[in-house]
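Numbering (full-length UniProt numbering), first residue to last: 1 to 657.
We put the beta carbon where it would ideally sit given N, CA and C, even for glycine.
It should be emphasised that the depicted structure is a prediction, and the values quoted were computed from it without experimental measurement.
Structure first, then comments.
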DNA sequence: CTAGGGTTAG
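Here is the structure:
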């Protein structure tokens, strides 16, 4: 393999040498003769003959041939591929650009894009170098300015938004403006990458150049506003569109409806669906995506049964549910522990002619593993293989996490090694899961080895990787190593996120420096980089050091700010009170929690029941259990079985709760 | 162009 590529390279250099020599010593028309011979034989696709001329081929000739065949794009492309792929000739930027112009002229954008992407990815060229190549070879009779739009698109498809912007800017300096379509494409990519701030900056810049927004531009603005949860502004953009004489389309509606669903306002979303006809002069009606957004919104609120009614409703109005509609509901049921309902929907979708895809399988697998049902997961997995549903990155990480959390660590690592060897791992999830596992087991050297394996396989550690390592080092008391990892991270990554800060904060609390932690919280607060977890971590730190006054002072501070206090806050304090033997106060706190609309979870339940079993009378334990159940708490089954059930004299608990 | 699934901190 290596040898043959060396040989082909050598033959190319050799032929290049011939070309130079030819220019100097032989008659000037010799290139013309070769050129004509190529053209005649290429027209009849006589590749055998072309083989014979190949040694005299030069990049200048390739460019000329492509230009000659500018009206037969397929022939030009076949010739180019024959030279490059079959013969291994090192094609120049100029010849590639000539072909790109031809492809664009014939609106063969996919071919043009893949040529550009190859230049960027395989040949390692920067977008600006490609742009220069295109400008140099720009010729009126076979080029068109859409080629520059295509380059912007190629950049964004390669994930190089910076390059895309440089191209737009350079062209602007040359007096050429890319079209609004290219801008839309670029802006859309920024939103996909969740770079909202950059989006608004670029958008403003575009407007300042005098571009006239079209429906897609407006849709992007609506999308950005929805991502920022600025629903009212997105609706007023809708009216701004109408005022500018631009008819909103189904995408506009869907984005606003989805935005409403994401902030939990299903009522508004449904109202919009209802008013869609009036608002669009009866030209637009809801489609599958509209309903899927609503199904998703309802499911996220935990009302899966209601989302099934939405499916019936959509069928009634003639909109077909698809795999996504079902995938959403199946995941929602499984997430709430209703795997039977989830499997029922799997059957239902098959009955309706829909085939469960990878997403559906991944979801079911994930929740089977979380319930510890390895057997069920194995069955689903073999069904997936039987049905030829291909696994993806989600499947791999779900399996690895599932095996890990159910104690099959060796299998998890073995499986990871297998998929790694097959070169199918493309993202950091699987590594992060295992690194996190090793860190949690205090095996930092193992974790660092895996970080090394990431690099070997071309995967760049991300904030999650660094976060796991920092946490791991803090937990084993190696604060200096944690700081080293942090500094390394700051050097290669852009910005630590709140998770990282919270991790460090937690490390500081464990290391007896609650005061340092307090100061850190103050500075995070000033950067508005603190959340419930930040405060809960510090409260937990205070509790761990027995500073009950400080803990409750912070609790009050959180209540003053509002929205910061959550179940974990209460659980932390309740747990601490129980440990100090103040069970009565703990119960009072739980009642206050209920009054604030927070339903105690299985941790609250277990903490209080276990502690009162030690300190209170059986009647009080039962009373506590009844109180919590009455308030909507789902009792944690193992706790109920071990403590409450014997007190009730239930020898054989069969029906369960 | 818009909708579904996996990793991290209390």
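Are the CB atoms of residue i and residue j nearer to each other than 8 Å?
i	j	result
residue 304	residue 269	no
residue 222	residue 199	no
residue 367	residue 339	yes
residue 609	residue 590	no
residue 577	residue 585	yes
residue 601	residue 567	yes
residue 57	residue 83	yes
residue 611	residue 629	no
residue 463	residue 497	yes
residue 357	residue 323	yes
residue 135	residue 100	no
residue 128	residue 157	no
residue 266	residue 231	no
residue 111	residue 77	yes
residue 285	residue 276	yes
residue 500	residue 521	no
residue 535	residue 564	yes
residue 210	residue 234	no
residue 53	residue 34	yes
residue 119	residue 96	yes
Assign residue i to buried or exposed, taking buried as 16 or more other Cβ atoms, counted over all protein chains shown, within 10 Å of its Cβ.
i	result
residue 476	exposed
residue 431	buried
residue 103	buried
residue 141	exposed
residue 213	buried
residue 69	buried
residue 625	buried
residue 225	buried
residue 189	buried
residue 614	exposed
residue 646	exposed
residue 372	exposed
residue 457	exposed
residue 321	buried
residue 492	exposed
Quick one: grab the DSSP three-state call for residue i.
i	result
residue 211	coil
residue 153	helix
residue 413	helix
residue 638	helix
residue 563	coil
residue 21	Because residue 21 carries a pLDDT of 41, less than 50, the predicted location of this residue cannot be relied on, and the following value inherits that uncertainty. Helix at residue 21.
residue 78	helix
residue 626	helix
residue 655	Confidence in residue 655 is poor, its pLDDT being 44 and thus under 50, which makes the residue's placement too unreliable to answer from.
residue 487	helix
residue 364	helix
residue 390	coil
residue 282	coil
residue 583	helix
residue 424	coil
residue 529	coil
residue 646	helix
residue 406	coil
residue 163	helix
residue 29	coil
residue 436	helix
residue 619	helix
May I have the straight-line CA-CA distance separating residue i from residue j, to the nearest angstrom?
i	j	result
residue 409	residue 343	28 Å
residue 680	residue 377	A query on residue 680 cannot be resolved here, the shown segment of the chain reaching from 1 to 657 and no further.
residue 393	residue 427	7 Å
residue 39	residue 184	40 Å
residue 287	residue 588	50 Å
residue 168	residue 205	11 Å
residue 143	residue 201	32 Å
residue 193	residue 453	27 Å
residue 74	residue 105	12 Å
residue 9	residue 363	Low per-residue confidence applies at residue 9: pLDDT is 33, beneath 50, and the placement is therefore not dependable enough to give any value.
residue 153	residue 146	11 Å
I'd like the ranges of any alpha helix (DSSP H) spanning at least 4 consecutive residues and lying wholly in the segment 240-265. Within the segment 240-265, the complete alpha helix (DSSP H) runs of at least 4 residues are 250-262.
To test your reading of the DSSP string, which unbroken alpha helix (DSSP H) runs of 4 or more residues are found completely within the UniProt repeat "PPR" (322-356)? You should have 323-335, 339-351.
Extract the residue ranges of the alpha helix (DSSP H) inside the segment 60-144, only unbroken runs of 4 or more that lie entirely within it. Look at the segment 60-144 and you find these whole runs of alpha helix (DSSP H), each 4 residues long or longer: 73-81, 93-105, 109-121, 127-136.
Jot down the residue ranges of each uninterrupted alpha helix (DSSP H) in the UniProt repeat "PPR" (531-565), minimum 4 residues, whole runs only, in chain order. Listed in chain order, they are 532-544, 548-561.
At what residue ranges does the segment 442-530 contain a whole run of the alpha helix (DSSP H), taking only runs of 4 or more? As summarised for the segment 442-530, the continuous alpha helix (DSSP H) elements at least 4 residues long and confined to that stretch are 444-456, 463-475, 479-492, 498-510, 514-526, given in chain order.
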